[in-house]
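Numbering (our numbering), first residue to last: 541 to 630.
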Amino acid sequence: MHSLNSYIHKLAVQQGWSYQLISDEILMGDVNGDDDIDINDVTCIQLHLAYIRTLSSEGVLAADVDGDGVISINDATKIQKYLVGIIKSL
Ligand SMILES: [Ca+2]
Ligand SMILES: [Ca+2]
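Below is the structure:
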């Protein structure tokens, strides 16, 4: 599992952004920010991919659970696997 904070920092340096962390830790997979990982988070990713809904910046970070830098159906699938217990952590 990659460190999200170092990822953000690296990205910010690359892009020349100034940034402020609003929380120490973003819960990976908690796309809608309700402190719980459930099927609603999967739905958020699907709506985002379908251009029906735009994710918050925290949601974008939390949604990339496979850490490849893009939000895709693979991230939604990984959360679903986590929810049914096929994988133990995100
Ligand atoms: Ca959630
Ligand atoms: Ca991803």
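No residue lacks a Cβ here, since even glycine has one placed at the ideal position from N, Cα and C.
Asked, Found
"Would you mind listing the alpha helix (DSSP H) stretches within the stretch 572 to 619 that are 4+ residues and don't spill past its ends, in chain order?", "579 to 589, 597 to 603"
"Less than 7 Å between the beta carbons of Ile619 and Asp570, yes or no?", "no"
"Is Asp604 near ligand 1 - that is, is its Cβ less than 6 Å away from at least one heavy atom of it?", "no"
"Expressed to the nearest angstrom, what Euclidean distance is found between the alpha-carbon atoms of Tyr547 and Asp575?", "21 Å"
"With the cut-off set at 7 Å, would you say Leu601 and Ile579 are in Cβ contact?", "no"
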